[in-house]
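Read the structure below first, then the notes.
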Amino acid sequence: SEAPATIIYTSRTLGRPKGVTLSHRNILENAWQAAKCLGVRQNDLFLSFLSPSHALERTVGYYLPMVAGATIAYVRSVQSLNSDLNALNPTAIVAVPRIYERFYMRIQSNVKERSKLFQRLFAKTVSLGWQVFEYQQKRGKWQIVFLLWPFFKYFIARPLLTKHLGGHLRIAISGGARLNPEVARFLVSLGVPVLQGYGLTETSPIISVNTLQDNLPASVGRPLPNLEVRIGDQDELQVRGPSIMLGYWNNTAATAQILDAEGWLYTGDQVHFQDGHIVITGRLKEIIALTNGEKVPPADMEIAIGTDPLFEQVIVIGESKPYLSALVVLNATAWATLAQVHGLPEDPKFAVDNAQVEKLLLRRVSELLHDFPGYAQVRRLAVLNDSWNLEEDLLSKTLKLRRKLVLERFKHVIELLYKGHSLQI
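If you read the sequence shown in the working numbering, its first letter stands for residue 2, the second for the next number, and so on.
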(Lines of atoms letter the chains of each structure in order from A and count residues from 1; the text may use other names and numbers.)
(Lines give C-alpha, C1' and ligand atoms only; values in the text may rest on other atoms or scores of the structure.)
Protein backbone atom coordinates (compact mmCIF):
# COMPACT_ATOMS: atom_id res chain seq x y z
CA SER A 1 0.00 0.00 0.00
CA GLU A 2 2.99 2.31 0.52
CA ALA A 3 4.46 1.56 -2.90
CA PRO A 4 4.33 4.39 -5.45
CA ALA A 5 1.18 4.23 -7.56
CA THR A 6 1.67 7.32 -9.72
CA ILE A 7 3.88 10.34 -10.27
CA ILE A 8 2.03 13.54 -11.16
CA TYR A 9 4.08 16.48 -12.31
CA THR A 10 2.66 19.68 -10.89
CA SER A 11 1.96 22.65 -13.12
CA ARG A 12 4.41 25.42 -12.28
CA THR A 13 4.54 29.01 -13.48
CA LEU A 14 8.30 29.01 -13.84
CA GLY A 15 11.05 26.53 -13.07
CA ARG A 16 11.26 22.77 -13.39
CA PRO A 17 8.06 20.83 -12.54
CA LYS A 18 8.18 18.54 -9.50
CA GLY A 19 6.98 14.93 -9.64
CA VAL A 20 4.48 14.32 -6.83
CA THR A 21 4.78 10.66 -5.83
CA LEU A 22 1.52 9.21 -4.50
CA SER A 23 1.14 5.73 -3.04
CA HIS A 24 -1.77 3.32 -3.44
CA ARG A 25 -2.74 4.09 0.15
CA ASN A 26 -2.62 7.86 -0.48
CA ILE A 27 -5.12 7.60 -3.33
CA LEU A 28 -7.47 5.02 -1.80
CA GLU A 29 -7.65 6.80 1.56
CA ASN A 30 -8.48 10.07 -0.16
CA ALA A 31 -11.04 8.65 -2.58
CA TRP A 32 -12.77 6.57 0.11
CA GLN A 33 -13.03 9.40 2.64
CA ALA A 34 -14.29 11.83 -0.01
CA ALA A 35 -16.88 9.34 -1.28
CA LYS A 36 -18.27 8.94 2.25
CA CYS A 37 -18.35 12.70 2.89
CA LEU A 38 -20.07 13.46 -0.41
CA GLY A 39 -22.56 10.61 -0.10
CA VAL A 40 -21.88 9.24 -3.59
CA ARG A 41 -24.28 6.45 -4.59
CA GLN A 42 -24.03 3.48 -6.93
CA ASN A 43 -26.72 4.94 -9.18
CA ASP A 44 -24.90 8.26 -9.59
CA LEU A 45 -23.77 9.26 -13.08
CA PHE A 46 -20.64 11.42 -13.21
CA LEU A 47 -20.01 13.55 -16.29
CA SER A 48 -16.26 13.88 -16.84
CA PHE A 49 -14.69 16.64 -18.92
CA LEU A 50 -11.52 17.74 -17.09
CA SER A 51 -8.12 16.36 -18.03
CA PRO A 52 -7.32 13.11 -16.13
CA SER A 53 -3.72 14.32 -15.91
CA HIS A 54 -4.90 16.63 -13.11
CA ALA A 55 -5.19 15.19 -9.60
CA LEU A 56 -8.66 16.70 -9.07
CA GLU A 57 -10.21 14.86 -12.01
CA ARG A 58 -8.19 11.71 -11.43
CA THR A 59 -9.29 11.25 -7.82
CA VAL A 60 -12.72 12.91 -7.69
CA GLY A 61 -13.86 12.21 -11.24
CA TYR A 62 -12.32 8.75 -11.68
CA TYR A 63 -11.15 6.90 -8.54
CA LEU A 64 -13.99 8.18 -6.34
CA PRO A 65 -16.82 6.96 -8.63
CA MET A 66 -15.01 3.61 -8.93
CA VAL A 67 -14.80 3.28 -5.14
CA ALA A 68 -18.52 4.04 -4.85
CA GLY A 69 -19.53 1.83 -7.78
CA ALA A 70 -20.95 4.78 -9.72
CA THR A 71 -20.93 5.33 -13.49
CA ILE A 72 -18.73 7.76 -15.44
CA ALA A 73 -19.67 9.30 -18.78
CA TYR A 74 -17.17 11.32 -20.82
CA VAL A 75 -18.01 14.40 -22.86
CA ARG A 76 -17.15 14.43 -26.54
CA SER A 77 -15.24 17.67 -26.00
CA VAL A 78 -15.32 20.68 -23.69
CA GLN A 79 -17.10 22.58 -26.47
CA SER A 80 -19.95 20.04 -26.37
CA LEU A 81 -20.32 20.24 -22.57
CA ASN A 82 -23.69 22.01 -22.65
CA SER A 83 -25.29 19.63 -25.14
CA ASP A 84 -23.82 16.59 -23.35
CA LEU A 85 -25.19 17.83 -20.02
CA ASN A 86 -28.68 17.93 -21.52
CA ALA A 87 -28.30 14.63 -23.35
CA LEU A 88 -26.89 12.61 -20.43
CA ASN A 89 -28.50 14.36 -17.43
CA PRO A 90 -25.71 13.47 -14.98
CA THR A 91 -26.28 13.49 -11.24
CA ALA A 92 -22.71 14.61 -10.48
CA ILE A 93 -20.08 16.80 -12.10
CA VAL A 94 -16.56 17.81 -11.11
CA ALA A 95 -15.52 21.21 -12.45
CA VAL A 96 -13.19 24.13 -11.92
CA PRO A 97 -14.56 27.58 -10.94
CA ARG A 98 -14.34 28.93 -14.47
CA ILE A 99 -16.98 26.44 -15.61
CA TYR A 100 -19.40 27.52 -12.88
CA GLU A 101 -18.69 31.16 -13.71
CA ARG A 102 -19.76 30.44 -17.29
CA PHE A 103 -23.00 28.85 -16.10
CA TYR A 104 -23.57 31.92 -13.91
CA MET A 105 -22.98 34.33 -16.80
CA ARG A 106 -25.17 32.37 -19.23
CA ILE A 107 -28.07 32.22 -16.81
CA GLN A 108 -27.72 35.95 -16.07
CA SER A 109 -27.57 36.72 -19.79
CA ASN A 110 -30.65 34.57 -20.44
CA VAL A 111 -32.59 36.37 -17.71
CA LYS A 112 -31.67 39.81 -19.08
CA GLU A 113 -33.29 38.85 -22.40
CA ARG A 114 -36.61 38.11 -20.68
CA SER A 115 -39.41 40.48 -19.67
CA LYS A 116 -39.14 42.89 -16.74
CA LEU A 117 -41.73 40.81 -14.88
CA PHE A 118 -39.66 37.66 -15.29
CA GLN A 119 -36.55 39.50 -14.13
CA ARG A 120 -38.34 40.58 -10.95
CA LEU A 121 -39.59 37.04 -10.35
CA PHE A 122 -36.08 35.71 -10.93
CA ALA A 123 -34.57 38.17 -8.43
CA LYS A 124 -37.16 37.03 -5.89
CA THR A 125 -36.29 33.40 -6.66
CA VAL A 126 -32.61 33.98 -5.91
CA SER A 127 -33.38 35.90 -2.72
CA LEU A 128 -35.91 33.39 -1.43
CA GLY A 129 -33.80 30.42 -2.53
CA TRP A 130 -30.89 31.63 -0.41
CA GLN A 131 -33.12 32.00 2.65
CA VAL A 132 -34.49 28.49 2.16
CA PHE A 133 -30.97 27.12 1.73
CA GLU A 134 -29.79 28.79 4.95
CA TYR A 135 -32.79 27.31 6.78
CA GLN A 136 -32.04 23.85 5.40
CA GLN A 137 -28.44 24.23 6.58
CA LYS A 138 -29.74 25.10 10.08
CA ARG A 139 -28.42 28.65 9.87
CA GLY A 140 -31.78 30.40 9.53
CA LYS A 141 -35.34 30.37 10.84
CA TRP A 142 -38.43 29.11 9.04
CA GLN A 143 -40.55 31.85 7.49
CA ILE A 144 -44.09 31.67 6.16
CA VAL A 145 -42.86 33.02 2.79
CA PHE A 146 -41.12 29.64 2.32
CA LEU A 147 -44.52 28.24 1.34
CA LEU A 148 -44.04 30.07 -1.97
CA TRP A 149 -40.68 28.38 -2.69
CA PRO A 150 -42.14 25.40 -4.66
CA PHE A 151 -43.66 27.87 -7.15
CA PHE A 152 -40.40 29.79 -7.67
CA LYS A 153 -38.36 26.59 -7.74
CA TYR A 154 -40.43 24.71 -10.32
CA PHE A 155 -41.58 27.57 -12.56
CA ILE A 156 -38.60 29.96 -12.46
CA ALA A 157 -35.43 28.17 -11.36
CA ARG A 158 -35.91 24.66 -12.74
CA PRO A 159 -36.45 25.57 -16.43
CA LEU A 160 -33.26 27.65 -16.40
CA LEU A 161 -31.23 24.93 -14.68
CA THR A 162 -32.55 22.23 -17.00
CA LYS A 163 -31.52 24.32 -20.00
CA HIS A 164 -27.99 25.03 -18.78
CA LEU A 165 -27.11 22.15 -16.41
CA GLY A 166 -29.43 19.27 -17.17
CA GLY A 167 -32.25 18.41 -14.82
CA HIS A 168 -30.81 15.82 -12.42
CA LEU A 169 -27.71 17.30 -10.75
CA ARG A 170 -27.48 16.48 -7.05
CA ILE A 171 -23.71 16.96 -6.59
CA ALA A 172 -21.70 19.75 -8.28
CA ILE A 173 -18.13 19.70 -7.01
CA SER A 174 -15.90 22.74 -7.49
CA GLY A 175 -12.15 22.57 -7.03
CA GLY A 176 -8.79 23.52 -8.48
CA ALA A 177 -9.12 27.18 -7.42
CA ARG A 178 -11.33 29.39 -5.29
CA LEU A 179 -14.91 29.80 -6.46
CA ASN A 180 -16.27 33.33 -6.32
CA PRO A 181 -18.60 33.46 -3.27
CA GLU A 182 -21.15 35.45 -5.28
CA VAL A 183 -21.25 32.77 -7.99
CA ALA A 184 -21.54 30.00 -5.38
CA ARG A 185 -24.36 31.80 -3.56
CA PHE A 186 -26.21 32.51 -6.81
CA LEU A 187 -26.13 28.88 -7.99
CA VAL A 188 -26.95 27.44 -4.57
CA SER A 189 -29.92 29.83 -4.31
CA LEU A 190 -31.31 28.37 -7.54
CA GLY A 191 -30.94 24.84 -6.20
CA VAL A 192 -27.61 23.86 -7.77
CA PRO A 193 -25.84 21.71 -5.13
CA VAL A 194 -22.42 23.37 -5.49
CA LEU A 195 -19.93 21.83 -3.07
CA GLN A 196 -16.63 23.67 -3.00
CA GLY A 197 -13.55 21.70 -1.99
CA TYR A 198 -9.85 22.31 -1.61
CA GLY A 199 -6.62 20.40 -1.92
CA LEU A 200 -3.24 20.01 -3.54
CA THR A 201 -1.71 17.42 -5.81
CA GLU A 202 0.59 16.70 -2.86
CA THR A 203 -2.43 15.68 -0.73
CA SER A 204 -3.95 13.26 -3.29
CA PRO A 205 -5.59 15.92 -3.63
CA ILE A 206 -8.56 16.52 -1.30
CA ILE A 207 -7.97 18.26 2.03
CA SER A 208 -11.49 19.54 2.66
CA VAL A 209 -14.90 19.65 1.03
CA ASN A 210 -18.39 20.89 1.75
CA THR A 211 -21.19 18.35 1.94
CA LEU A 212 -24.88 18.44 1.11
CA GLN A 213 -25.77 18.50 4.81
CA ASP A 214 -23.05 20.97 5.85
CA ASN A 215 -22.44 23.45 3.06
CA LEU A 216 -20.94 26.89 3.68
CA PRO A 217 -20.52 28.16 0.09
CA ALA A 218 -17.96 30.85 0.97
CA SER A 219 -15.70 28.17 2.44
CA VAL A 220 -13.94 25.08 1.07
CA GLY A 221 -15.58 22.84 3.64
CA ARG A 222 -14.42 20.87 6.63
CA PRO A 223 -11.21 18.79 6.57
CA LEU A 224 -11.61 15.11 5.71
CA PRO A 225 -12.04 13.03 8.91
CA ASN A 226 -8.69 11.24 8.49
CA LEU A 227 -6.63 14.44 8.24
CA GLU A 228 -5.12 16.72 10.87
CA VAL A 229 -4.96 20.43 10.13
CA ARG A 230 -3.47 23.41 11.91
CA ILE A 231 -2.66 27.05 11.20
CA GLY A 232 1.01 28.02 11.34
CA ASP A 233 2.99 31.20 10.82
CA GLN A 234 1.42 33.85 8.57
CA ASP A 235 -1.90 31.95 8.78
CA GLU A 236 -0.52 29.14 6.61
CA LEU A 237 -2.56 25.94 6.58
CA GLN A 238 -0.59 22.81 7.49
CA VAL A 239 -1.97 19.30 7.05
CA ARG A 240 -0.97 15.76 8.07
CA GLY A 241 -2.48 12.36 7.35
CA PRO A 242 -2.52 9.18 5.23
CA SER A 243 -3.13 10.97 1.92
CA ILE A 244 0.02 13.12 2.11
CA MET A 245 2.44 12.32 -0.73
CA LEU A 246 5.53 10.18 -0.32
CA GLY A 247 7.57 13.11 -1.61
CA TYR A 248 8.79 14.69 -4.83
CA TRP A 249 10.35 12.15 -7.15
CA ASN A 250 14.16 12.25 -6.93
CA ASN A 251 14.05 15.66 -5.25
CA THR A 252 14.68 15.40 -1.52
CA ALA A 253 15.57 19.09 -1.24
CA ALA A 254 12.21 20.23 -2.59
CA THR A 255 10.42 17.65 -0.44
CA ALA A 256 12.10 18.98 2.70
CA GLN A 257 10.88 22.50 1.89
CA ILE A 258 7.21 21.48 1.98
CA LEU A 259 7.13 18.39 4.24
CA ASP A 260 8.70 18.42 7.71
CA ALA A 261 10.10 15.55 9.79
CA GLU A 262 6.82 15.16 11.71
CA GLY A 263 4.81 14.67 8.53
CA TRP A 264 3.24 18.13 8.36
CA LEU A 265 2.81 19.46 4.82
CA TYR A 266 3.00 23.24 4.39
CA THR A 267 0.36 24.21 1.85
CA GLY A 268 1.41 27.80 1.19
CA ASP A 269 -2.24 28.86 1.47
CA GLN A 270 -3.44 31.34 4.07
CA VAL A 271 -6.68 30.44 5.82
CA HIS A 272 -8.95 30.98 8.77
CA PHE A 273 -11.65 28.76 10.24
CA GLN A 274 -15.34 29.65 10.27
CA ASP A 275 -17.58 27.25 12.20
CA GLY A 276 -15.11 24.45 11.52
CA HIS A 277 -14.91 25.21 7.80
CA ILE A 278 -11.71 26.29 6.07
CA VAL A 279 -11.87 29.70 4.39
CA ILE A 280 -9.02 30.51 2.00
CA THR A 281 -7.83 34.10 2.41
CA GLY A 282 -4.74 34.20 0.20
CA ARG A 283 -1.60 32.58 -1.09
CA LEU A 284 1.75 33.30 0.58
CA LYS A 285 3.53 33.63 -2.75
CA GLU A 286 0.74 35.63 -4.43
CA ILE A 287 0.67 38.68 -2.20
CA ILE A 288 1.36 41.99 -3.96
CA ALA A 289 3.51 44.31 -1.87
CA LEU A 290 2.99 47.94 -2.90
CA THR A 291 5.68 50.54 -2.36
CA ASN A 292 3.51 52.17 0.33
CA GLY A 293 3.87 49.02 2.43
CA GLU A 294 0.34 47.75 1.88
CA LYS A 295 -0.14 44.05 1.05
CA VAL A 296 -2.83 42.99 -1.43
CA PRO A 297 -4.06 39.45 -2.34
CA PRO A 298 -4.75 39.83 -6.09
CA ALA A 299 -6.87 36.69 -6.38
CA ASP A 300 -9.68 38.22 -4.31
CA MET A 301 -9.79 41.27 -6.57
CA GLU A 302 -9.64 39.17 -9.74
CA ILE A 303 -12.57 37.09 -8.52
CA ALA A 304 -14.60 40.24 -7.84
CA ILE A 305 -13.83 41.75 -11.26
CA GLY A 306 -14.50 38.42 -12.97
CA THR A 307 -18.14 38.43 -11.85
CA ASP A 308 -18.80 41.01 -14.58
CA PRO A 309 -19.42 39.18 -17.90
CA LEU A 310 -17.59 42.02 -19.67
CA PHE A 311 -14.25 40.81 -18.33
CA GLU A 312 -13.38 37.47 -19.89
CA GLN A 313 -10.01 37.34 -18.13
CA VAL A 314 -8.20 39.60 -15.68
CA ILE A 315 -4.94 39.82 -13.79
CA VAL A 316 -4.19 42.43 -11.13
CA ILE A 317 -0.57 43.63 -10.94
CA GLY A 318 1.50 46.04 -8.87
CA GLU A 319 4.37 44.26 -7.10
CA SER A 320 6.83 46.92 -5.87
CA LYS A 321 4.75 49.59 -7.63
CA PRO A 322 2.99 52.67 -6.19
CA TYR A 323 -0.50 51.50 -7.23
CA LEU A 324 -2.40 48.57 -8.69
CA SER A 325 -3.15 48.06 -12.38
CA ALA A 326 -4.97 45.38 -14.34
CA LEU A 327 -4.60 43.57 -17.65
CA VAL A 328 -7.97 42.48 -19.04
CA VAL A 329 -9.41 40.55 -21.96
CA LEU A 330 -12.94 41.64 -22.88
CA ASN A 331 -15.85 39.43 -23.83
CA ALA A 332 -16.69 40.43 -27.41
CA THR A 333 -20.47 40.18 -27.01
CA ALA A 334 -20.56 42.11 -23.72
CA TRP A 335 -18.26 44.77 -25.16
CA ALA A 336 -20.48 45.19 -28.23
CA THR A 337 -23.47 45.83 -25.95
CA LEU A 338 -21.55 48.35 -23.84
CA ALA A 339 -20.11 50.04 -26.91
CA GLN A 340 -23.59 50.60 -28.37
CA VAL A 341 -24.71 52.32 -25.17
CA HIS A 342 -21.74 54.71 -25.27
CA GLY A 343 -21.66 55.19 -29.04
CA LEU A 344 -18.31 53.43 -29.47
CA PRO A 345 -17.14 50.96 -32.16
CA GLU A 346 -18.23 47.39 -31.36
CA ASP A 347 -14.92 45.81 -32.36
CA PRO A 348 -13.04 44.90 -29.12
CA LYS A 349 -9.79 45.97 -30.80
CA PHE A 350 -11.04 49.55 -30.54
CA ALA A 351 -10.76 49.25 -26.75
CA VAL A 352 -7.00 48.69 -26.98
CA ASP A 353 -4.88 51.80 -26.41
CA ASN A 354 -7.89 54.04 -25.90
CA ALA A 355 -7.98 56.51 -23.01
CA GLN A 356 -11.77 56.94 -23.20
CA VAL A 357 -12.30 53.19 -22.92
CA GLU A 358 -9.81 52.92 -20.06
CA LYS A 359 -11.74 55.51 -18.04
CA LEU A 360 -15.02 53.75 -18.79
CA LEU A 361 -13.66 50.37 -17.71
CA LEU A 362 -11.96 51.77 -14.61
CA ARG A 363 -15.30 53.15 -13.43
CA ARG A 364 -16.82 49.72 -13.93
CA VAL A 365 -13.96 48.02 -12.07
CA SER A 366 -14.25 50.54 -9.25
CA GLU A 367 -17.89 49.56 -8.73
CA LEU A 368 -16.91 45.89 -8.58
CA LEU A 369 -14.23 46.64 -5.97
CA HIS A 370 -16.34 48.90 -3.76
CA ASP A 371 -15.89 46.55 -0.77
CA PHE A 372 -12.09 46.71 -0.99
CA PRO A 373 -10.00 49.33 0.86
CA GLY A 374 -8.64 52.41 -0.90
CA TYR A 375 -5.17 50.99 -1.49
CA ALA A 376 -6.73 47.89 -3.11
CA GLN A 377 -8.17 49.74 -6.10
CA VAL A 378 -7.12 49.53 -9.74
CA ARG A 379 -5.70 52.87 -10.99
CA ARG A 380 -4.64 51.90 -14.54
CA LEU A 381 -5.93 49.31 -16.97
CA ALA A 382 -4.81 47.82 -20.28
CA VAL A 383 -7.03 45.89 -22.67
CA LEU A 384 -5.35 43.00 -24.48
CA ASN A 385 -6.37 41.67 -27.88
CA ASP A 386 -6.04 37.93 -27.39
CA SER A 387 -7.31 35.68 -24.62
CA TRP A 388 -4.91 33.61 -22.52
CA ASN A 389 -5.16 29.95 -23.42
CA LEU A 390 -3.77 26.48 -22.84
CA GLU A 391 -1.92 26.41 -26.14
CA GLU A 392 0.30 29.32 -25.08
CA ASP A 393 0.75 27.73 -21.63
CA LEU A 394 -0.74 30.80 -19.94
CA LEU A 395 -3.44 28.66 -18.30
CA SER A 396 -3.09 25.39 -16.43
CA LYS A 397 -5.19 22.33 -17.30
CA THR A 398 -7.70 23.45 -14.67
CA LEU A 399 -7.86 26.90 -16.35
CA LYS A 400 -5.95 28.59 -13.55
CA LEU A 401 -3.91 31.60 -14.55
CA ARG A 402 -0.16 31.02 -14.69
CA ARG A 403 0.56 34.38 -13.13
CA LYS A 404 4.32 34.60 -13.64
CA LEU A 405 4.13 33.53 -17.28
CA VAL A 406 1.43 36.12 -18.03
CA LEU A 407 3.49 38.82 -16.32
CA GLU A 408 6.54 37.84 -18.35
CA ARG A 409 4.59 37.67 -21.62
CA PHE A 410 3.15 41.19 -21.16
CA LYS A 411 6.14 42.75 -19.44
CA HIS A 412 6.29 45.58 -21.97
CA VAL A 413 2.63 46.43 -21.39
CA ILE A 414 3.17 46.60 -17.64
CA GLU A 415 6.18 48.87 -18.05
CA LEU A 416 4.12 51.29 -20.14
CA LEU A 417 1.28 51.29 -17.62
CA TYR A 418 3.59 52.57 -14.93
CA LYS A 419 5.40 55.00 -17.23
CA GLY A 420 2.11 56.54 -18.31
CA HIS A 421 2.88 56.15 -22.03
CA SER A 422 0.32 55.13 -24.61
CA LEU A 423 -0.15 51.39 -24.97
CA GLN A 424 0.69 49.67 -28.25
CA ILE A 425 -0.15 46.00 -27.70
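Glycine included, each C-beta is placed from N, C-alpha and C at the ideal position.
Counting only the same chain and skipping the five closest in sequence on each side, list residues whose C-beta sits under 8 Å from that of residue i.
| i | result |
| --- | --- |
| residue 387 | 330 |
| residue 296 | 288, 289, 290 |
| residue 107 | 165 |
| residue 239 | 230, 231, 232, 233, 265, 266, 267, 268 |
| residue 247 | 3, 5, 22, 23, 24, 27 |
| residue 191 | 108, 126, 127, 130, 158, 161, 162 |
| residue 341 | 347 |
| residue 168 | 90, 159, 162 |
Is residue i near the ligand PLP, judged by its Cβ being under 8 Å from some heavy atom?
| i | result |
| --- | --- |
| residue 348 | Ligands displayed in this structure: none; no statement on the ligand PLP is therefore possible. |
Would you please state the rounded distance, in angstroms, between the beta carbons of residue i and residue j? I believe it to be under 8 Å.
| i | j | result |
| --- | --- | --- |
| residue 62 | residue 46 | Residue 62 to residue 46, Cβ: 12 Å. No contact. |
| residue 236 | residue 271 | 4 Å |
| residue 243 | residue 26 | 6 Å |
| residue 178 | residue 98 | 5 Å |
| residue 352 | residue 384 | 4 Å |
| residue 93 | residue 171 | 7 Å |
| residue 335 | residue 311 | 4 Å |
| residue 359 | residue 382 | 5 Å |
| residue 325 | residue 379 | 5 Å |
| residue 120 | residue 132 | Going by Cβ atoms, the distance from residue 120 to residue 132 rounds to 19 Å, so no, they are not a contact pair. |
| residue 406 | residue 394 | 6 Å |
If you reduce the DSSP assignment to three classes, tell me which class residue i lands in.
| i | result |
| --- | --- |
| residue 18 | coil |
| residue 72 | strand |
| residue 323 | coil |
| residue 337 | helix |
| residue 41 | coil |
| residue 425 | Because residue 425 sits at a pLDDT of 36, beneath the cut-off of 50, its placement in the model cannot be relied upon, and the point is left open. |
| residue 224 | strand |
| residue 62 | helix |
| residue 85 | helix |
| residue 182 | helix |
| residue 216 | coil |
| residue 55 | coil |
| residue 190 | helix |
| residue 170 | coil |
| residue 13 | Reliability fails at residue 13, whose pLDDT of 45 lies under 50, so the model's placement of it is uncertain and the value that follows must be treated cautiously. It is coil, neither helix nor strand. |
| residue 414 | helix |
Excluding the 5 residues flanking residue i on each side, which residues of the same chain have their C-beta closer than 7 Å to its C-beta?
| i | result |
| --- | --- |
| residue 101 | 175, 180, 184, 188, 195 |
| residue 305 | 369, 370 |
| residue 38 | 210, 212, 225 |
| residue 374 | none |
| residue 313 | 330, 331, 332, 388 |
| residue 427 | For residue 427 there is no data in the structure shown, the boundaries of the chain being 2 and 426. |
| residue 420 | none |
| residue 64 | 28, 32 |
| residue 154 | 192 |
| residue 425 | Low confidence applies to residue 425: its pLDDT is 36, below 50, so where it sits in the model is not reliable, and the reading given next is rough at best. Correct list, in chain order: 354. |
| residue 299 | 287, 289, 317 |
| residue 307 | 102, 181, 315 |
| residue 70 | 43 |
Name the one or two DSSP bridge partners that residue i has.
| i | result |
| --- | --- |
| residue 1 | What is shown of the chain runs 2 to 426, which leaves residue 1 out entirely. |
| residue 7 | 23 |
| residue 199 | 209 |
| residue 47 | 73, 93 |
| residue 175 | 96, 197 |
| residue 402 | 396 |
| residue 328 | 316, 383 |
In chain order, what residues of the same chain have a beta carbon less than 6 Å from the beta carbon of residue i, not counting five sequence neighbours either side?
| i | result |
| --- | --- |
| residue 211 | 196, 197, 222 |
| residue 217 | 278 |
| residue 122 | 157 |
| residue 200 | 206, 207, 208 |
| residue 219 | 182 |
| residue 202 | 9, 11, 21, 56 |
| residue 72 | 46 |
| residue 87 | 167 |
| residue 35 | 65, 207 |
I want to see whether chain D comes within less than 9 Å of residue i, judged by CB atoms only; does it?
| i | result |
| --- | --- |
| residue 308 | In the displayed structure, chain D is absent; only one protein chain is listed. |
Which ranges would you report for the alpha helix (DSSP H) in the region 246–314 if only whole runs of at least 4 residues count?
253–259, 299–306
Can you check the region 88–168 for any alpha helix (DSSP H) of at least 4 residues that lies completely inside it and give the ranges in chain order?
Counting only runs of at least 4 residues, the region 88–168 fully encloses the following alpha helix (DSSP H) elements, listed from N- to C-terminal order: 98–113, 117–137, 150–153, 159–166.
Any chance you could list the beta strand (DSSP E) runs of at least 3 consecutive residues sitting entirely within the region 333–393, in chain order?
379–384
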